[in-house]
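Following my numbering, the numbering of the sequence shown begins with 7 at its first residue and continues without gaps.
First up is the structure itself, then whatever we jot down about it.
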Amino acid sequence: MNLEIVGAGPYREWFCSCPFHVYGSPDFLELNAHKCEEVRYMLFHDSKVRAGLAVGLKGHELCSPFSAPFGGWVFPPSTSVKTVYETVDALCQFVLSSGMGMCLTLPPAFYSPDTIGKTVTALMGHPDVEMAHTDVNYHFDLETIGREGYEALLQRNAKKNLAHARRCGLTFEQVHGARGVEEAYRLIAANRHYKGYPLKMSLQDVIDTIHVVEADFFVVRQKDETVAAAQVFHVLEDVVQVIYWGGHPRHEDVRPVNFLAAELVAFYLARGVRIIDVGPSSEQGIPNFGLCSFKESIGCQASPKHTFRIKARE
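Rendered as structure tokens:
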């Protein structure tokens, strides 16, 4: 298997016929290119192109992703195990010969169970690859919810909190345009500031990104006051990802996030979405047990999100 570094143009031509997740698209990568020293587009080929991988150079390390929740290869459907193993080996040989290291975070398996399963197996079996850490990632499985009903999957405390929220006269609304984006963002920023969580995207980052990523914004209101909000990206045709969500710290008593979660499930279930990815509840493999418990209480399922490292030869 050969590894070739190409420009954004040739990569875009190949990617258009073999899309995977939006974070691997050249438009998204070029938008965020300023966040690394250089974007390198790799095509893996023998008699034809078998896979693509985009990485960002940061210091002496190649990173995939360099500005996204996850990265990894783009493979055509039904890629064989042999091809995946050969692609992993070609990448390892390139990294080891370059004198740099590499950090690689894969999507959770539900994005593409077949190829991600094969990729994890190939990486774990390679002598030059080590598992850096595994995060616990949560999602709503809307196919299961469609069969069983949302409230059937809630834990007892979450059912009580949702019922309480509904008695408080909350309303759910999808918002549009610059004013809607800013309203949702300001609420989320207040939530993050109160809880001491980082907010990695500025308002301008959000505005720039939604030019290349399909996005939805929602708010929950009590009378005329905004009490919760969510920012959601369309990552695949049938998978959306909650980038940010949260409630206003002064209104936690009305349980607005319980209400928001139920409404998001109903909204995307009606639109044929398969999965709502609500992201990890750990950092560098260290879980936030409170956040894990909350997501489990509202009907989310857990899955692993692996980060691997390839070390340069000394």
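C-beta atoms are modelled at their ideal positions from N, C-alpha and C, and glycine is treated no differently.
Model, not experiment: these values are computed from the prediction.
Among the options, whose alpha-carbon lies nearest the alpha-carbon of residue i?
i: residue 47; options: 53, 40, 57; result: 57
i: residue 19; options: 39, 55, 158; result: 55
i: residue 139; options: 317, 311, 316; result: 311
i: residue 240; options: 30, 21, 16; result: 30
i: residue 203; options: 100, 294, 87; result: 294
i: residue 12; options: 51, 40, 98; result: 51
i: residue 209; options: 308, 194, 298; result: 194
i: residue 84; options: 119, 192, 316; result: 119
i: residue 165; options: 267, 115, 87; result: 267
i: residue 200; options: 258, 219, 217, 160; result: 258
i: residue 128; options: 154, 220, 96; result: 96
i: residue 161; options: 22, 17, 299, 21; result: 299
i: residue 53; options: 32, 75, 163, 89; result: 89
i: residue 211; options: 37, 103, 98; result: 37
i: residue 309; options: 113, 65, 99; result: 113
For residue i, is the classification buried or exposed, using 16 other Cβ atoms within 10 angstroms of its Cβ as the cut-off for buried?
i: residue 175; result: exposed
i: residue 246; result: buried
i: residue 78; result: buried
i: residue 73; result: buried
i: residue 124; result: buried
i: residue 130; result: exposed
i: residue 222; result: buried
i: residue 301; result: buried
i: residue 260; result: buried
i: residue 133; result: exposed
Within its chain, find whatever has a CB closer than 6 Å to the CB of residue i; leave out the 5 residues flanking it on each side and keep chain order.
i: residue 82; result: 24
i: residue 178; result: 226, 269
i: residue 35; result: 45, 60
i: residue 218; result: 33, 34, 37
So, using beta-carbon positions, are residue i and residue j closer together than 8 Å?
i: residue 190; j: residue 224; result: yes
i: residue 285; j: residue 156; result: no
i: residue 70; j: residue 61; result: yes
i: residue 91; j: residue 27; result: no
i: residue 314; j: residue 110; result: yes
i: residue 280; j: residue 136; result: no
i: residue 121; j: residue 7; result: no
i: residue 101; j: residue 316; result: yes
i: residue 42; j: residue 9; result: no
i: residue 107; j: residue 67; result: yes
i: residue 159; j: residue 264; result: no
Give me, in chain order, the residues of the same chain whose beta-carbon lies closer than 7 Å to that of residue i; leave out the 5 immediate sequence neighbours on both sides.
i: residue 197; result: 252, 253, 254, 255
i: residue 141; result: 286, 288, 291, 311
i: residue 152; result: 275
Which of the three DSSP states is assigned to residue i in this structure?
i: residue 110; result: strand
i: residue 137; result: strand
i: residue 197; result: helix
i: residue 51; result: strand
i: residue 78; result: coil
i: residue 283; result: strand
i: residue 73; result: coil
i: residue 222; result: strand
i: residue 85; result: coil
i: residue 63; result: strand
Kindly list the residues whose CB is nearer than 8 Å to the CB of residue i, restricted to its own chain and excluding five residues on each side of it in sequence; keep chain order.
i: residue 248; result: 236, 237, 238, 270, 282, 283, 284, 285
i: residue 262; result: 171, 176, 226, 228, 233, 234, 253, 254
i: residue 244; result: 278, 279, 280, 281
i: residue 207; result: 215, 249, 250
i: residue 213; result: 184, 187
i: residue 39; result: 45, 62
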